[in-house]
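All remarks here apply to the structure that follows.
2 protein chains.
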Amino acid sequence: MDQLRRLADQGVTDRAALDALLDSQWVGVLSCVVEGAPLAVPMLYARDGDRLLLHGSTGAGALRRVAAGAPAVLTVVALDALVVAPTTFESSVNYRSATVRGPLLALPDDERTAALDLFSEVLLPGRTSEVRPATPKELAATLALALPIRPDGWLMKVADGWPATPAESGAADDVWSGLVPVRSTLGDPVPAPWAVDLPVPPSVRRLTAGDA
Amino acid sequence: MDQLRRLADQGVTDRAALDALLDSQWVGVLSCVVEGAPLAVPMLYARDGDRLLLHGSTGAGALRRVAAGAPAVLTVVALDALVVAPTTFESSVNYRSATVRGPLLALPDDERTAALDLFSEVLLPGRTSEVRPATPKELAATLALALPIRPDGWLMKVADGWPATPAESGAADDVWSGLVPVRSTLGDPVPAPWAVDLPVPPSVRRLTAGDA
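Chain order of the listed sequences is A and B. The opening residue of the first sequence carries number 1 in my numbering; numbering runs sequentially from there. The opening residue of the second sequence carries number 213 in my numbering; numbering runs sequentially from there.
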């Protein structure tokens, strides 16, 4: 398999492609440095134009550290297909990945409520109008962070397409090769035990109608 | 949304659960430190018992650095469901994540061929017997790395289950809540244009019959 060479070969500079990837996923990996060692934490994120919103508990150590301005990078990956080539050396995966480099900014109190509402709205559009507003206590317990998407602050890599041919691979012509697509899909909503008699709300209906 | 508090709450120490997560995914994010800043690279990996095998081009800078013994951590995440709670504050995701901490070991020449074959076999069992062996030139171009899974070298977090109840959330009883499952599935194999008349090989048939 040959994933890193493909990574190096296929940088993408189209901002629309970056946005499409970021908008298609919910979770990224936030990497930062703590006492010289790498620290990585999976994080929900939501894109708001030229920034990514993240949030977490005010008690979370890693998050407090990046909130204080330590360098950080958020990595988002979508796996699109297994690439079964005529040789193991040429076999790989089709994927899209992006890294967005910080520092993260902790949002001040007067921006936090709006940012957290927006975070919820991006992840599940329409939901904030179906539930009560966050309470002051909830807001006080939540750190809201923004990671700006600066023109020189992101990298995107894409591997897409067919495997190397038998001739390119130095392989016999009768070895099957092709793609095995990998898909992420949303299942039907499952009500909580106390909600089985309630109608599925519009936000959830729209989400699952549109799919992941 | 409240993902980080859940992360902090739900550590898992069951090694079998770790192995099941690692074996269910293909791609992780490798985080290391370069000149004080975090560097993150998506990587294919394959579990071989108590170690994870990774590989890449001998020309890849980040990989050469971690191969030289720099601290590194591989993060693997599976998103299982969106958790739609009666409030935005309690809404979150169900997921499984693992971090496996290095350093990575570069495998010596006499172990590399076997490790790379094993890597291919874990990702697509049976494939190595369907294709020609790797050539000396291919092997020379490929770095093989091992990340030991040490008893004190990994952390797993799991969020699973229903959202907080209306009473726990301080919400009205008539607000729907529940889960939206997220599934990763494999599609039917798609032959490369030059392979449309060839039978799909057993390795690929087994993979897609078993699903992701």
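For every residue, glycine included, the Cβ atom is placed at its ideal position computed from N, Cα and C.
Interface residues of chain B around residue i at Cβ under 7 Å?
| i | result |
| --- | --- |
| L198 (chain A) | D386, W388 |
| W154 (chain A) | Under the 7 Å cutoff, chain B gives no residues; its nearest Cβ is about 12 Å from W154 (chain A). |
| T208 (chain A) | V392 |
| T99 (chain A) | A252 |
| P201 (chain A) | W388 |
Look at the alpha carbon of residue i and the alpha carbon of residue j, and state the distance between them as a whole number of angstroms.
| i | j | result |
| --- | --- | --- |
| P42 (chain A) | T75 (chain A) | 9 Å |
| G373 (chain B) | L21 (chain A) | 28 Å |
| V402 (chain B) | D174 (chain A) | 16 Å |
| L79 (chain A) | L398 (chain B) | 11 Å |
| D19 (chain A) | Q25 (chain A) | 10 Å |
| A37 (chain A) | L316 (chain B) | 13 Å |
| V246 (chain B) | T299 (chain B) | 41 Å |
| V334 (chain B) | E138 (chain A) | 45 Å |
| A140 (chain A) | V289 (chain B) | 28 Å |
| D48 (chain A) | L118 (chain A) | 8 Å |
| A424 (chain B) | S396 (chain B) | Any answer about A424 (chain B) is weak, because its pLDDT of 45 lies below 50 and its placement is not dependable; what the coordinates show is given next. Rounded to the nearest angstrom, the two C-alpha atoms are 6 Å apart. |
| A346 (chain B) | S92 (chain A) | 14 Å |
| R132 (chain A) | L116 (chain A) | 13 Å |
| A326 (chain B) | V100 (chain A) | 36 Å |
| G69 (chain A) | G365 (chain B) | 27 Å |
| A146 (chain A) | R112 (chain A) | 10 Å |
| V182 (chain A) | V408 (chain B) | 20 Å |
| A106 (chain A) | Q10 (chain A) | 33 Å |
| L410 (chain B) | G390 (chain B) | 46 Å |
| I361 (chain B) | R417 (chain B) | 31 Å |
| L207 (chain A) | E130 (chain A) | 14 Å |
| A293 (chain B) | E380 (chain B) | 20 Å |
| A127 (chain A) | L242 (chain B) | The displayed chain sequence assigns Arg, not Ala, to residue 127 (chain A). About 34 Å. |
| D23 (chain A) | G59 (chain A) | 28 Å |
| G28 (chain A) | A46 (chain A) | 10 Å |
| L336 (chain B) | D110 (chain A) | 52 Å |
| R15 (chain A) | M156 (chain A) | 9 Å |
| R6 (chain A) | R263 (chain B) | Since pLDDT at R6 (chain A) reaches only 42, below the 50 mark, its modelled position is unreliable, and the value read off the structure follows with that caveat. Taking the straight line joining both Cα atoms gives about 25 Å. |
| M213 (chain B) | E302 (chain B) | Its pLDDT being 39, under 50, M213 (chain B) is placed unreliably in this model, and the value from its coordinates should be taken loosely. M213 (chain B) and E302 (chain B): Cα-Cα distance of roughly 5 Å. |
| A17 (chain A) | G102 (chain A) | 20 Å |
| L4 (chain A) | S415 (chain B) | Its pLDDT being 38, under 50, L4 (chain A) is placed unreliably in this model, and the coordinates cannot settle the point. |
| A209 (chain A) | P283 (chain B) | 44 Å |
| G61 (chain A) | H55 (chain A) | 13 Å |
| A8 (chain A) | R277 (chain B) | Because the pLDDT of A8 (chain A) is 41, which lies under 50, any placement of that residue in the model is unreliable, and the number read from its coordinates should be weighed accordingly. If I take the Cα positions, the gap works out to 16 Å. |
| V285 (chain B) | S57 (chain A) | 23 Å |
| A172 (chain A) | L39 (chain A) | 45 Å |
| D188 (chain A) | P363 (chain B) | 38 Å |
| C32 (chain A) | P166 (chain A) | 42 Å |
| A310 (chain B) | S120 (chain A) | 25 Å |
| A279 (chain B) | L44 (chain A) | 30 Å |
So which residues of chain B does residue i contact, with C-beta pairs closer than 8 Å?
| i | result |
| --- | --- |
| R183 (chain A) | S396, T397, L398, G399 |
| A106 (chain A) | Ordered by position in chain B, no residue passes the 8 Å Cβ test against A106 (chain A), which lies about 14 Å from the chain. |
Output, in chain order, the set of chain A residues within a Cβ distance shorter than 7 Å of residue i.
| i | result |
| --- | --- |
| L291 (chain B) | W26, V27 |
| T377 (chain B) | W194 |
| V370 (chain B) | Near V370 (chain B) there are no residues of chain A at all, since even the closest Cβ is about 11 Å away, more than 7 Å. |
| P315 (chain B) | Chain A residues near P315 (chain B): none, gap ~10 Å exceeds 7 Å. |
What is the C-beta distance between residue i and residue j, in whole angstroms, given that I count them as a contact (C-beta under 8 Å)?
| i | j | result |
| --- | --- | --- |
| P193 (chain A) | W388 (chain B) | About 12 Å separates the two Cβ atoms, so there is no contact after all. |
| L265 (chain B) | L355 (chain B) | The pair is not a contact, with the Cβ atoms about 11 Å apart (cut-off 8 Å). |
| V296 (chain B) | V392 (chain B) | 6 Å |
| A371 (chain B) | Y307 (chain B) | 6 Å |
List the residues of chain A that residue i touches, going by C-beta distances under 9 Å, in chain order.
| i | result |
| --- | --- |
| L391 (chain B) | G187, P189, V190, P191, A192 |
| A383 (chain B) | V131, R132 |
Using a Cβ cut-off of 8 Å, pull out every chain A residue sitting near residue i, in sequence order please.
| i | result |
| --- | --- |
| E350 (chain B) | T87, F89 |
Starting from residue i, find everything on chain B with Cβ-Cβ shorter than 9 Å and list it in chain order.
| i | result |
| --- | --- |
| V204 (chain A) | L294, V296, W388, G390, V392 |
| V12 (chain A) | Within 9 Å Cβ-Cβ: nothing; V12 (chain A) doesn't reach chain B, min ~14 Å. |
Answer yes or no: the CB of residue i versus the heavy atoms of the ligand FAD, is any distance below 7 Å?
| i | result |
| --- | --- |
| L145 (chain A) | Looking at this structure, you won't find the ligand FAD or any other ligand, since it has none at all. |
Positions along the stretch 109 to 133 of chain A whose CB lies within less than 8 Å of some CB in chain B: Per Cβ criterion, the list reads L116, D117, F119, S120, L123, L124, R127, T128, E130, V131, R132.
Residues of the stretch 20 to 54 of chain A with Cβ closer than 8 Å to any Cβ of chain B, in chain order: W26, V27, V29, S31, C32, V33, G36, A37, P38, L39, A40, V41, P42, M43, L44
Sequence ranges, alpha helix (DSSP H) only - wholly within the stretch 131 to 207 of chain A, length at least 4: With a minimum length of 4 residues, the continuous alpha helix (DSSP H) runs that stay inside the stretch 131 to 207 of chain A are 136 to 140, 166 to 169.
Ranges of the beta strand (DSSP E) found wholly within the stretch 270 to 299 of chain B, counting only runs of at least 3: 284 to 296
The stretch 53 to 74 of chain A: positions lying closer than 7 Å to chain B by Cβ: H55, G56, S57, A60, L63, P71, A72, V73
Secondary structure, alpha helix (DSSP H): runs of 4+ residues fully inside the stretch 108 to 133 of chain A: Restricting attention to alpha helix (DSSP H) runs no shorter than 4 residues, the stretch 108 to 133 of chain A encloses them at 109 to 123, ordered along the chain.
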